[in-house]
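Counting from -13, one number per residue, gives the positions in the sequence shown under the numbering used here. Note that beta-carbon positions come from the ideal geometry of N, C-alpha and C, so glycine has one too. Worksheet for the structure shown next.
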Amino acid sequence: MTTLLKIFLPIYFALFFGLAMFWRSYLAWKRTGVNPYKLGNGDSVHDFVGKLFRVTLIGSAVIVLAFTFSDLLYAMLMPIFWLNSPVFAVVGLVLLTLALIWVLVAQLQMGDSWRIGIDEKTASPLVQRGLFGISRNPIFLGMSVMLVGMLLTLPTAATLMVTILGIILIHIQVRLEEPFLLENYGNAYRDYQKRVRRWI
């Protein structure tokens, strides 16, 4: 199982960050001329959340690289041995796979409305179809599942911290976006809130 994970996890995270973050953002930018990356470096709460979320992404990458290439470094991340079992690892792998597929499908359905953060300058349609008809935040939901899957697959104190921080930041980001969406889409977003749950 360990050998399989050392092969699977680096490939998985390369696909997750490559396809879900960079490739989708590149396609949206090429088609619209709008940079979809909207997490700035200012002093606003939104920018601060963005900075912390980048820390969780870097932390995830460091954990996977340590596990893959250095047993000594991985041991320093303080493995949680009672969570370290083949059953939890398989459940984690299933969650990781489902999360990637879910996020990619949601991004495809979002199309050129895809943004990372709050875009206060460029209007885009309110997407309500597909997975967005099941959850108002399917991409954030998928990312939360991905974090839980990583925790079950690589149970360490560092992974637990990254997972908790990531999920908290996702909840904060969603609550920052909702007033913005309400202001921009008005009654259309109010009706959407009544019909579709925040998560699922």
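Exposure label - SER30; buried when at least 16 CB within 10 Å: With fewer than 16 other Cβ atoms within 10 Å, it is exposed.
Same chain only: Cβ atoms within 6 Å of THR149, ignoring 5 sequence neighbours per side: LEU133, LEU137
Beta-carbon proximity of ILE66 to ALA0, cut-off 8 Å: no
4 or more residues per run - each alpha helix (DSSP H) lying fully within the segment 59 to 140: 72 to 96, 124 to 139
Inter-stretch contact (C-beta, 8 Å, three-pair minimum) for the segment 43 to 60 and the segment 100 to 111: no
Distance CB(GLN95)-CB(VAL73) smaller than 8 Å: no
Burial state of PRO141 (16 or more Cβ within 10 Å): Counting Cβ neighbours within 10 Å, PRO141 comes out buried, since at least 16 surround it.
Own chain partners of LEU151 with C-beta closer than 6 Å, once the 5 adjacent residues on each side are dropped: These residues qualify, in order along the chain: THR42.
Sub-8 Å separation of VAL89 and ALA6 beta-carbons: yes
Beta carbon of LEU204 nearer than 8 Å to that of VAL35: Lying outside -13 to 186, the shown extent of the chain, residue 204 is not represented and no answer is given.
Rounded straight-line distance, which links the Cα of VAL50 to that of SER11: 24 Å
Alpha helix (DSSP H) segment containing SER46, residue limits: 31 to 55
Where the alpha helix (DSSP H) containing LEU(-5) begins and where it ends: In the DSSP assignment, LEU(-5) falls within the alpha helix (DSSP H) that extends over -12 to 1.
Which listed residue (SER46, ILE158, GLU169) has its alpha carbon closest to that of GLY135: SER46
Close-in-space but distant-in-sequence residues of the same chain around GLY78 (CB under 6 Å, 5 per side omitted): GLY135, LEU138, THR139
Run of the alpha helix (DSSP H) containing VAL20, from where it starts to where it stops: In the DSSP annotation of this structure, VAL20 is not part of any alpha helix (DSSP H), being labelled neither H nor E.
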